Amino acid sequence: MQVLLGPRQIGKTTLAVQIKDALKIESFYISADTATLQDIVWLETQWKIVREKIRKKPGLLIIDEIQKISDWSNMIKKLFDEDTQNKVNLKVILLGSSPWLMQKGLTESLAGRFEIIPITHWNYNEMHSFFNWSLDKFIYFGGYPGPVSFANEKNISRWLNYINDSLIETTISRDILLMSQVNKPVLLRRLFQLGCTYSGQILSYQKMLGQLQDAGNTTTLAHYLELLNGAGILAGLNKYANHKVRSRSSSPKLQVYNTALMSALSSKTFAEAKKDKGFWGRLVESAIGAYLINEIRGTGIELYYWREKNMEVDFVLKKGDFVTAIEVKSSLKKERLSGLEAFEKSFKPNRLLLVGNSGIPIEEFLKTPIEHWVSK
Numbered sequence: 419m420q421v422l423l424g425p426r427q428i429g430k431t432t433l434a435v436q437i438k439d440a441l442k443i444e445s446f447y448i449s450a451d452t453a454t455l456q457d458i459v460w461l462e463t464q465w466k467i468v469r470e471k472i473r474k475k476p477g478l479l480i481i482d483e484i485q486k487i488s489d490w491s492n493m494i495k496k497l498f499d500e501d502t503q504n505k506v507n508l509k510v511i512l513l514g515s516s517p518w519l520m521q522k523g524l525t526e527s528l529a530g531r532f533e534i535i536p537i538t539h540w541n542y543n544e545m546h547s548f549f550n551w552s553l554d555k556f557i558y559f560g561g562y563p564g565p566v567s568f569a570n571e572k573n574i575s576r577w578l579n580y581i582n583d584s585l586i587e588t589t590i591s592r593d594i595l596l597m598s599q600v601n602k603p604v605l606l607r608r609l610f611q612l613g614c615t616y617s618g619q620i621l622s623y624q625k626m627l628g629q630l631q632d633a634g635n636t637t638t639l640a641h642y643l644e645l646l647n648g649a650g651i652l653a654g655l656n657k658y659a660n661h662k663v664r665s666r667s668s669s670p671k672l673q674v675y676n677t678a679l680m681s682a683l684s685s686k687t688f689a690e691a692k693k694d695k696g697f698w699g700r701l702v703e704s705a706i707g708a709y710l711i712n713e714i715r716g717t718g719i720e721l722y723y724w725r726e727k728n729m730e731v732d733f734v735l736k737k738g739d740f741v742t743a744i745e746v747k748s749s750l751k752k753e754r755l756s757g758l759e760a761f762e763k764s765f766k767p768n769r770l771l772l773v774g775n776s777g778i779p780i781e782e783f784l785k786t787p788i789e790h791w792v793s794k
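Residue numbers (our numbering): 419 to 794.
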């Protein structure tokens, strides 16, 4: 069976329905993402209805938001194995918007029975090709195809409301709070807001607690950041180090998965964002970080940052023994590349990249497949 994994509102369902329409076999679509959550009895009933309809013919069953069903993986295993044993020719596609919960169920019960196909936020190449978006428009409005028709200055209030209500609120309430044990939901929401405000910046968990004015502990904060990462909206990048233990214990560099989240939380219009040079610079760096963190999915490439005292490298890519250091320059002022020089001296990376001013044009960088940057 195939498993399409990725966050909300990036086209998983549309893609699955297109597959359904393109195939010359009887196909069925069901969704567990309803106001009243479905259970395994509903799942078994739906599967058996489809099984009865196709009989000995080939068929396709698409199940959307499967992770919403408690103990779904054991029931899927039972039904899938029954079909295999009885030679029922039913192909199955599972869709889920909570990768952490999905992978837990897959590895626990369905080992050897599935192929994961990561579906990520749309990149610049896709938004430019399908909607003819300019680079600046993509940097601000990000990679959500749903609200494209009103992603403009004239309808900015509508777009901001859509991102905040239909995307952010739905993801946090339905994909995190409803599906995971969160004792401090207000803290998780405020952590997400902080992450969007400080995307592209390195913040220790202690500093975060100070900013959030919460008496919680850093372990809780790290766990909540993992939940936000699992939902595909906010990550904390680890520091590059020779030892993984040192890397994991570092202060995280906050990184949004989609710059639309950063823009929406700022409440700045497109025009206001472009005028604010400091904010626009952070948005540009976050757009590059979002490209990297989305494109590494399923590639075996790891993404880090590096900092030592006042020396910093924005991003570090690692695939096997191949290491690429990336520095982003979004302003026209000349800045010394001491971070790259110090990193080269310490780690002898295979490639050093300067993106932006005096380096690889940002548009070219965002249009290039990520594997290109971790090969000679």
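Glycine included, every Cβ here is placed at the ideal spot set by N, Cα and C.
Note that the structure is a prediction, hence the values are computed from the model and not measured.
Contact fails between the region 598-606 and the region 493-500, because fewer than three Cβ pairs, one in each stretch, are under 8 Å apart. Looking only at Thr588, Ile586, Pro565 and Glu587, the smallest Cα-Cα distance to tryptophan 577 is reached by Pro565.
Between the alpha carbons of isoleucine 443 and serine 575 lies a gap of roughly 44 Å. Within the region 584-636, the runs of alpha helix (DSSP H) at least 4 residues long that lie entirely inside it are, in chain order, 603-615 and 623-630. By the Cβ neighbour-count rule, aspartate 451 is buried, with 16 or more other Cβ atoms within 10 Å of its own. When secondary structure is reduced to three states using DSSP, arginine 531 falls in the coil class, being assigned neither helix nor strand.
Scanning its chain for C-beta atoms nearer than 6 Å, with the 5 sequence neighbours on each side dropped, one finds around valine 734 the residues Tyr658, Tyr722, Trp724 and Ala743, in chain order.
Following the DSSP letters along the chain, one finds glutamate 483 in no beta strand (DSSP E), marked with neither H nor E. Isoleucine 511 has Gln420 and Ile480 as its beta-bridge partners, per DSSP. In this structure, proline 536 places its C-beta atom within 9 Å of the C-beta atom of glycine 424. Leaving aside the five residues that flank valine 468 on each side, the residues in its chain whose CB is nearer than 8 Å to its CB run, in chain order, Phe446, Gly477, Leu479 and Leu508.
With respect to leucine 672, leucine 612 sits close: the two C-beta atoms are nearer than 9 Å. A residue is called buried when at least 16 other Cβ atoms come within 10 angstroms of its Cβ; proline 767 meets this threshold and is buried. The region 673-687 makes no contact with the region 521-528; the number of CB pairs closer than 8 Å stays below 3.
DSSP links glutamine 521 through a beta bridge to no other residue. Separation of glutamine 456 and lysine 486 (C-alpha to C-alpha, rounded to the nearest whole angstrom) is 7 Å.
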